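*Asks:* Protein chains in written order, with my numbering: chain A, 1 to 490; chain W, 1001 to 1241; chain P, 2001 to 2319. The structure follows.
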Amino acid sequence: MTLLEITLLTPLLGGLVLAFVGHRPFGGWINVAICAVTFGASLAMALDVFAHGPHLSRGRMFYIDAFNVYLVALTAFVGMTSAIFSRPYMRHEVERGRVTALRLRLYHSMYQCFIFTMLLALSANNLGILWVAMEAATLSTVLLVSLYRTPEAIEAAWKYFILCGVGIAQALFGTVLVYFAAEQKLGAERDDIMLWTVLHGAQVGALDPAVITLAFVFLLVGYGTKVGLVPLHSWLPDAHSEGPTPMSAVLSGLLLNVALYALVRVKMLVDASLQTNLAGHLMMGFGLLSFTVAGLFLHRQHDIKRMYSYSSIEHMGLMTFAFGMGGPLATYGALLHMTVHSLTKSAIFVTVGHASQLAGTQRIDKIRGLIRTQPAIGWGLLIGTVAIAGFPPFGVFISEFLLLMATMKAWPWLAIPLLVGLGVAFAGLFRHLQPMVFGEPPPGQKPVEANMLPVAVHLFLVLWLGLSIPAFLSGWFEQATLLISGVSLR
Amino acid sequence: MLAELSLFSQAIILFAALVLLTSFIMLGQMRTMPLIFTFAWQGLLLAVVTVLVAHVSKHPHLYVSAALTVGLKVVLIPWLLHRLSVQLNMQYDSEELAHPSLLLLGGAALVIFSYYVSLPIVHLSGLATRNTIAVSIAVELIGMLLMIVRRTAVAQVIGFMSMENGLFFSAVVSTYGMPLIVELGVAFDVLVAAILFGVFFIHLRDSLDSLDVNRLNRLSEADDAVPLPETISAPPTGTHS
Amino acid sequence: MDSQLIAWAHAAVQALLFVAAAPLLTGWVNRVKCHLQNRAAAPVWQPYRDLAKLLRKRMVLAENASWLFRDVPYIVFGAMLLAAAVVPLVAVRLPTAAIADVIVLVGFFALARFFTALAGLDIGTAFGGMGASREMMVSALAEPAMLMAVFTLSMTAATTNLSIATEYILQAGLVLRPSFLFALLGLAMVAVAECSRIPVDNPATHLELTMLHEAMILEYSGRYLALIEWASQIKLMIYAVLIVDFFFPWGIARDFSPAALAISAVAVTAKLMLLGVVLVAWETVLAKKRLFRVPQFLGSAFLLSLLGMLSHVVLETGG
Chain A
1 MTLLEITLLT PLLGGLVLAF VGHRPFGGWI NVAICAVTFG ASLAMALDVF
51 AHGPHLSRGR MFYIDAFNVY LVALTAFVGM TSAIFSRPYM RHEVERGRVT
101 ALRLRLYHSM YQCFIFTMLL ALSANNLGIL WVAMEAATLS TVLLVSLYRT
151 PEAIEAAWKY FILCGVGIAQ ALFGTVLVYF AAEQKLGAER DDIMLWTVLH
201 GAQVGALDPA VITLAFVFLL VGYGTKVGLV PLHSWLPDAH SEGPTPMSAV
251 LSGLLLNVAL YALVRVKMLV DASLQTNLAG HLMMGFGLLS FTVAGLFLHR
301 QHDIKRMYSY SSIEHMGLMT FAFGMGGPLA TYGALLHMTV HSLTKSAIFV
351 TVGHASQLAG TQRIDKIRGL IRTQPAIGWG LLIGTVAIAG FPPFGVFISE
401 FLLLMATMKA WPWLAIPLLV GLGVAFAGLF RHLQPMVFGE PPPGQKPVEA
451 NMLPVAVHLF LVLWLGLSIP AFLSGWFEQA TLLISGVSLR
Chain W
1001 MLAELSLFSQ AIILFAALVL LTSFIMLGQM RTMPLIFTFA WQGLLLAVVT
1051 VLVAHVSKHP HLYVSAALTV GLKVVLIPWL LHRLSVQLNM QYDSEELAHP
1101 SLLLLGGAAL VIFSYYVSLP IVHLSGLATR NTIAVSIAVE LIGMLLMIVR
1151 RTAVAQVIGF MSMENGLFFS AVVSTYGMPL IVELGVAFDV LVAAILFGVF
1201 FIHLRDSLDS LDVNRLNRLS EADDAVPLPE TISAPPTGTH S
Chain P
2001 MDSQLIAWAH AAVQALLFVA AAPLLTGWVN RVKCHLQNRA AAPVWQPYRD
2051 LAKLLRKRMV LAENASWLFR DVPYIVFGAM LLAAAVVPLV AVRLPTAAIA
2101 DVIVLVGFFA LARFFTALAG LDIGTAFGGM GASREMMVSA LAEPAMLMAV
2151 FTLSMTAATT NLSIATEYIL QAGLVLRPSF LFALLGLAMV AVAECSRIPV
2201 DNPATHLELT MLHEAMILEY SGRYLALIEW ASQIKLMIYA VLIVDFFFPW
2251 GIARDFSPAA LAISAVAVTA KLMLLGVVLV AWETVLAKKR LFRVPQFLGS
2301 AFLLSLLGML SHVVLETGG
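Structure follows, in structure tokens:
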């Protein structure tokens, strides 16, 4: 049983087990334990790949290389910390009566299934299986978004289902077109032409440009919907804010990354076939649009989770822009940004979950004086927002700095909207954050039981990555940069 | 030219055109039950096309795909939708279409657009079924149009499933079907999606007392929209808010 | 020269046969309908007796009837006669087919309809005006559908000449064409509308407010009425023969040998009888639509014809 198989099968089996025992008092602990096993296996696998190079599984169904190995480890890690956070949080929700025992079983079981589908998507070599896993990831979270069964939650879940379903269907058509183009080039007798490794290999040469362009457009629309690119983003603020907070943390932190990963994988195929940089330009356009629009929408929000969801859209737009621009500097920055954004955003959502429990509401104008009532939460939120806004010495600053450097080298004029957008987003976040953290607390506000350890660990990691990136991680990033952009960083 | 193709290839083209016809019928069909039946018919015609393509192209795994289509899209999903409609007492519902003729003309425009989009593919392809690629794209786009325009949840679900029909069809005629493992995965996804839709209908009905999705309008960006209620202080489970 | 004369003779005979056989088709349709409704049926040649009766009767004209009112029956009958000459009934390769192609055929129908509408308005009665306006609305919606169906067929045969088109389809053998399927459905729906059958118009109605075509000719009597009735029977037969020619042309004679002509006559009779039965079944199953629903009906006909055209361009042409 290889490490990869352990990594994939553990959450799947865990989901099955939790479907039966998820509502018991120890259900939350089992959830954490399964996530810990998954994380351990993924870490071992990562070390293995670091030592021995890319790993192609039996039957060539799965492929772990420099690009997805750290994403696999990151997904398992954030899944684990979110599971640690979700155990007392969901118990609290059950005590308050917002979630029944049956729904708790559903929640735990779907949580593990969701982790499984994300890991499947990350490690799949077959483009069709990648699509199936992305769709399955959507399906496994739909019922979780509507877990509280309020009209808003049901509306959010319906919108999520329909919009992502339509978008993903376009991605399937794009996949069919890629398959078609590959068949033209490689012949139909082979049964492995949907494998990414085969398509990317040097002997393939150029796939037909017209078909591949069409395919990329459909795939960009499809996977771009899941990334949250404007104008296909309208499901995102609703879905991320209406579900339980652990869901918001993993959706914002992990699923967006996986969708972007799928998009970049496809872009790598397209770049090899097209002479022009059309794919890159399209991604840059959508990325910049998302970044700008989300930054502006940040100011108008009344719900704290919606505000941070728009921040997610903004950062995903930034990453899409960076990947679209190409080049070693921007790609390295984007890879780093994927990691630090995931860690920071999930930490923020965990803190927000505690803050809203403390204040009894999610409305920004009703949350006040967090730092007075429970300093851990107040400081956590403050530091987290500082980190996500791009302040040094946190990791986000490094990645945004790299991106700006790359932009100024390649597209100097585009640096201006980037800087302006960053400023606008910073203003929006702090304008809402300031009264929440430092305002006068309403009378009778009491501290809640909160385990801030996951938040502290995440923020510490982000700080570490900002100060100095460890050698093995940097090595990975460089390998991935070489793979994606074709040019080495040095 | 058509006359030079074998009778089986002509039959493929004929049935593809009939699938397109069912798409148009669904576009103009206002009542719920006939809509579900037309969708079942579309699935059946699609299965027939798949069997014909399997025969012409000598790809036996397409027989399995056809059987999967029949099981899922002709039997299971229409049965599920039918049962839900009866259970939620909406089998006699019909909706008023604002401009049915405009809608149908829009569908025709989508057919022309699909033809234009598929020209580079058709030129490259050497398959006997390449002419039907445009039809498959049109079926998918008309399914999307159905989802956009219709107000009832059942019609939106049928539009979604019709999109999947078009996608499956496009895979069959442009590449003689995708590898079986992928087809199985897609079918599994569709099945789970159908079940989830069913669950959703019950939730929507309980929450809104109707399946008119225009009533889902609480979450929006407008400043003076309905202010978000205190979501944490929702009533305990078992009562409606 | 000799063969030319023979061809023209055959053409003339066919045109006369067409005109003479038209009431027979109507009689057959009425008879089948009576059987289906469990009534005692009149014999098949009852329309001949009706026409003869009308020809003998004295005409009553309104005082303010103009020359138009008196001339329209002849114009209409003449147009139908010309149209009948163009459509191949028992033989293709007739010289009369070169007089007019299928678009001019549609024009003949439009000519007849135009003058009938004017005649309806001529006297100044309320029902005449009502019938004229309704008929014009229906035909304005039906004509695009018909032309679209006809274009589809002409594009396949690469000609609008009816005779050559029929022969092309005959020679191609059994080919499954989706464009033909859709065009058949569209043309059938248009034929129903143009010939004033159910669900657009009830030919047997006595209630003036429900009439479309009948209302225009309410004032006609005697010889004029006979000519107009005969003209509408010829119109029904023309549409039926058009459908037979385009979609089921097997059996039609390609030369003038007696054997071929005999087979063709038998074949076309059988097909027309079958079409009559189909028409009666259709009329029995459906109910007459209210006037404001007729545009929807014709819209579906247009959509079907459009689909036929699109499937021809998308599916049937190209390498």
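C-beta: ideal position from N, C-alpha, C; glycine also. Since the model is a prediction, treat every value here as computed from it, not as a measurement.
In chain order, which continuous runs of the alpha helix (DSSP H) of length 4 or greater are located wholly inside the segment 124–174 of chain A?
*Replies:* Counting only runs of 4+ residues, the alpha helix (DSSP H) found wholly inside the segment 124–174 of chain A occupies 127–145, in chain order.
*Asks:* Nearest CA to the CA of residue 2205 (chain P): which residue from P:2287, P:2274, P:2052, P:2189?
*Replies:* Indexing the third sequence from 1 puts residue 2205 (chain P) at position 205. Taking only the C-alpha atoms, the option nearest residue 2205 (chain P) is P:2287.
*Asks:* Let me see if you follow: with CB-CB separation under 8 Å, is residue 126 (chain A) close to chain W or not?
*Replies:* Indexing the first sequence from 1 puts residue 126 (chain A) at position 126. At least one chain W Cβ lies under 8 Å of residue 126 (chain A).
*Asks:* What residue range is occupied by the uninterrupted alpha helix (DSSP H) comprising residue 357 (chain A)?
*Replies:* Within the first sequence, the letter at position 357 stands for residue 357 (chain A). Segment 328–359, the alpha helix (DSSP H) holding residue 357 (chain A).
*Asks:* So, with DSSP's three-state summary, where would you put residue 1150 (chain W)?
*Replies:* Numbered from 1 along the second sequence, position 150 holds the residue referred to as residue 1150 (chain W). Residue 1150 (chain W) falls in the coil class under three-state DSSP.
*Asks:* Are there 16 or more other CB atoms within 10 angstroms of the CB of residue 146 (chain A), so buried, or fewer, so exposed?
*Replies:* Here residue 146 (chain A) refers to the residue found at position 146 of the first sequence. Per the 10 Å Cβ criterion, buried.
*Asks:* Taking 8 Å as the CB-CB limit, is residue 534 (chain A) close to chain W?
*Replies:* Past the boundaries of the shown model lies residue 534 (chain A); chain A is included only from 1 to 490, so the question cannot be answered.
*Asks:* Do we get a CB-CB distance below 8 Å when we pair residue 187 (chain A) with the residues of chain W?
*Replies:* In the first sequence, residue 187 (chain A) corresponds to position 187, counting from 1. By this cut-off, residue 187 (chain A) is not an interface position.
*Asks:* At a cut of 8 Å, does the segment 227–244 of chain A reach the segment 162–173 of chain A through at least three beta carbon pairs?
*Replies:* yes
*Asks:* Please classify residue 68 (chain A) as buried or exposed, where buried requires at least 16 other C-beta atoms within 10 Å of its C-beta.
*Replies:* Residue 68 (chain A) sits at position 68 when you count from the first residue of the first sequence. Counting Cβ neighbours within 10 Å, residue 68 (chain A) comes out buried, since at least 16 surround it.
*Asks:* Along the segment 2175–2198 of chain P, what residues have a CB closer than 8 Å to any CB found in chain W?
*Replies:* 2175, 2176, 2177, 2178, 2179, 2181, 2182
*Asks:* Which chain P residues sit within Cβ distance under 9 Å of residue 1115 (chain W)?
*Replies:* If you number the second sequence from 1, residue 1115 (chain W) lands on position 115. Per Cβ cutoff of 9 Å: 2310, 2313, 2314.
*Asks:* On the three-pair Cβ rule with 8 Å, is the segment 399–410 of chain A touching the segment 319–332 of chain A?
*Replies:* Cβ pair count under 8 Å is three or more, so yes.
*Asks:* Could you check whether the segment 1171–1188 of chain W touches the segment 123–139 of chain A, counting it as contact only if at least three pairs of C-beta atoms, one from each stretch, sit closer than 8 Å?
*Replies:* yes
*Asks:* With 8 Å set as the bound, which would you pick, yes or no: does the beta-carbon of residue 1132 (chain W) sit closer than that to a beta-carbon of chain P?
*Replies:* Along the second sequence, read from residue 1 onward, the residue named residue 1132 (chain W) stands at position 132. Closer than 8 Å to some Cβ of chain P, the Cβ of residue 1132 (chain W) qualifies, so yes.
*Asks:* Would you call the CB atoms of residue 2063 (chain P) and residue 2106 (chain P) closer than 8 Å?
*Replies:* Taking the third sequence and counting its residues from 1, one reaches residue 2063 (chain P) at position 63. Taking the third sequence and counting its residues from 1, one reaches residue 2106 (chain P) at position 106. No, the pair does not count as a contact, with Cβ atoms beyond the cut-off.
*Asks:* Using a Cβ cut-off of 8 Å, pull out every chain A residue sitting near residue 1218 (chain W), in sequence order please.
*Replies:* The residue labelled residue 1218 (chain W) in the question sits at position 218 within the second sequence. Residues of chain A passing the Cβ test: 151, 152, 155.
*Asks:* Between residue 434 (chain A) and chain W, is the shortest Cβ-Cβ distance under 8 Å, so that the two count as touching?
*Replies:* Taking the first residue of the first sequence as position 1, residue 434 (chain A) is located at position 434. Chain W contact via Cβ: absent.
*Asks:* Between which two residues does the alpha helix (DSSP H) harbouring residue 1082 (chain W) extend?
*Replies:* For the purposes of this step, residue 1082 (chain W) is taken as residue 82 along the second sequence, with counting starting at 1. Per DSSP, residue 1082 (chain W) belongs to the alpha helix (DSSP H) from 1077–1087.
*Asks:* What span of residues does the alpha helix (DSSP H) with residue 462 (chain A) cover, start to end?
*Replies:* As a working mapping, residue 462 (chain A) is identified with position 462 in the first sequence. Counting along the chain, the alpha helix (DSSP H) containing residue 462 (chain A) begins and ends at 453–467.
*Asks:* Let me know if residue 111 (chain A) comes out buried or exposed under the rule of 16 or more other beta-carbons within 10 Å of its beta-carbon.
*Replies:* Stepping through the first sequence from its first residue, residue 111 (chain A) is reached at position 111. Classification for residue 111 (chain A): buried.
*Asks:* Considering residue 285 (chain A), what are the terminal residues of the alpha helix (DSSP H) in which it resides?
*Replies:* As a first step, residue 285 (chain A) is located in the first sequence; it is residue number 285 there, counting from the start. Taken as a continuous stretch (DSSP letters only), the alpha helix (DSSP H) holding residue 285 (chain A) covers 278–298.
*Asks:* Measure the C-alpha to C-alpha separation of residue 1158 (chain W) and residue 152 (chain A) and round it to an integer number of angstroms.
*Replies:* The sequence position of residue 1158 (chain W) within the second sequence is 158, counting from 1. The sequence position of residue 152 (chain A) within the first sequence is 152, counting from 1. Their backbone Cα atoms lie some 24 Å apart in a straight line.
*Asks:* Could you tell me whether the Cβ atoms of residue 1125 (chain W) and residue 1174 (chain W) are closer together than 8 Å?
*Replies:* Against the second sequence, residue 1125 (chain W) aligns to sequence position 125. Against the second sequence, residue 1174 (chain W) aligns to sequence position 174. Contact flag set, yes.
*Asks:* Between which residues of its own chain and residue 108 (chain A) is the CB-CB distance below 6 Å, once the five residues before and five after are set aside?
*Replies:* As a working note, residue 108 (chain A) is residue 108 in the first sequence. Contacts found: 18, 22, 27, 31.
*Asks:* Note down, one range per segment and in chain order, each beta strand (DSSP E) of at least 3 residues found wholly within the segment 214–273 of chain A.
*Replies:* none
*Asks:* If the criterion is Cβ atoms closer than 8 Å, does the pair residue 116 (chain A) and residue 255 (chain A) meet it?
*Replies:* By 1-based counting over the first sequence, the position of residue 116 (chain A) is 116. By 1-based counting over the first sequence, the position of residue 255 (chain A) is 255. No. Outside cutoff.
*Asks:* Rounded to whole angstroms, how far is the Cβ of residue 2149 (chain P) from the Cβ of residue 2305 (chain P), which I believe are closer than 8 Å?
*Replies:* Numbered from its first residue, the third sequence carries residue 2149 (chain P) at position 149. Numbered from its first residue, the third sequence carries residue 2305 (chain P) at position 305. That pair is a contact at about 4 Å.
*Asks:* What is the C-beta distance between residue 529 (chain A) and residue 318 (chain A), in whole angstroms, given that I count them as a contact (C-beta under 8 Å)?
*Replies:* Since the displayed chain A opens at 1 and closes at 490, residue 529 (chain A) lies outside it and no answer follows.
*Asks:* Would DSSP call residue 2243 (chain P) helix, strand or coil?
*Replies:* Here residue 2243 (chain P) is taken as the residue at index 243 of the third sequence, counted from 1. It is helical.
*Asks:* Measure the CB-CB distance between residue 1178 (chain W) and residue 179 (chain A) and report whether it falls below 8 Å.
*Replies:* In the second sequence, counting from the first residue as 1, residue 1178 (chain W) sits at position 178. In the first sequence, counting from the first residue as 1, residue 179 (chain A) sits at position 179. It is a contact, given that the beta carbons lie within the stated cut-off.
*Asks:* If you check the beta carbons only, do residue 85 (chain A) and residue 248 (chain A) fall under 8 Å apart?
*Replies:* Mapped onto the first sequence, residue 85 (chain A) falls at position 85. Mapped onto the first sequence, residue 248 (chain A) falls at position 248. The answer is no: Cβ separation not under 8 Å.
*Asks:* With DSSP collapsed to three states, give me the class of residue 497 (chain A).
*Replies:* Because chain A here runs from 1 to 490, residue 497 (chain A) falls outside it and cannot be looked at.
*Asks:* Between which residues of its own chain and residue 239 (chain A) is the CB-CB distance below 6 Å, once the five residues before and five after are set aside?
*Replies:* Position 239 of the first sequence, counting from 1, holds the residue named residue 239 (chain A). Counting only Cβ-Cβ distances below 6 Å, and skipping sequence neighbours, we find 145, 156, 160.
*Asks:* So, at 6 Å on beta carbons, what are the nonlocal neighbours of residue 1022 (chain W) in its own chain, with the 5 sequence-adjacent residues on each side left out?
*Replies:* For the purposes of this step, residue 1022 (chain W) is identified with residue 22 of the second sequence, where counting begins at 1. Only 1038, 1041, 1042 meet the Cβ criterion.
*Asks:* Use the C-beta contact count for residue 342 (chain A): other C-beta atoms within 10 angstroms, 16 or more gives buried, fewer gives exposed.
*Replies:* In the first sequence, residue 342 (chain A) corresponds to position 342, counting from 1. Taking a 10 Å sphere around the C-beta of residue 342 (chain A), we find 16 or more other C-beta atoms and assign the residue as buried.
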